[in-house]
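Q: Sharing a structure, written as C-alpha cells. Questions coming.
Here it is, written out as C-alpha cells:
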C-alpha cells in the first residue's frame, strides 16, 4: 500500500471496505509482510475481473465520512 494510505488504514485492522461503481462494495483483506501492509488476493481478482493491464490507472479515494475507499478506473486508450 502507498505510504500516504497508511493514515487511513488502521495498522490493527485486517480489512478495508472498497467501493467500485455506485452501490457496489466489497471487503478486501490486508496482511502484513515485513512490517508493511499489503492488499491480499482480492487485488489480483479485481485486476482480472476489470481486464486491467499495464498503462491503465487505478485511483483510490478515501471517503472519511463513510469510512470507505472508492476506486476509479481509467483504461489506457487503444
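In the working numbering, the protein residues as written are 1258 to 1335. C-beta atoms are modelled at their ideal positions from N, C-alpha and C, and glycine is treated no differently.
By the DSSP assignment, the beta strand (DSSP E) with residue 1320 in it spans what residues?
A: Translated into positions along the chain shown, residue 1320 becomes position 63. It spans 1314–1320 - the beta strand (DSSP E) in which residue 1320 sits, taken as one unbroken run.
Q: Consult DSSP for residue 1301 and reduce its assignment to one of helix, strand or coil.
A: Counting from one through the chain shown, the residue named residue 1301 turns up at place 44. Correct three-state label for residue 1301: helix.
Q: So what's residue 1306 in DSSP terms, helix, strand or just coil?
A: In the chain shown, residue 1306 corresponds to position 49, counting from 1. Reduced to three states, the DSSP call for residue 1306 is helix.
Q: Which value, in whole angstroms, describes the spacing of the CA atoms of residue 1289 and residue 1300?
A: One-based indexing of the chain shown puts residue 1289 at position 32. One-based indexing of the chain shown puts residue 1300 at position 43. If you take the alpha carbons of residue 1289 and residue 1300, they lie about 15 angstroms apart.
Q: Taking all protein chains shown into account, do 16 or more other C-beta atoms lie within 10 angstroms of the C-beta of residue 1275, making it buried, or fewer, making it exposed?
A: Walking along the chain shown from the start, residue 1275 turns up at place 18. Buried, because 16 or more other Cβ atoms sit within 10 Å of the Cβ of residue 1275.
Q: At the level of alpha carbons, what is the spacing between residue 1271 and residue 1330?
A: Counting from 1 along the chain shown, the entry for residue 1271 is found at position 14. Counting from 1 along the chain shown, the entry for residue 1330 is found at position 73. If I take the Cα positions, the gap works out to 24 angstroms.
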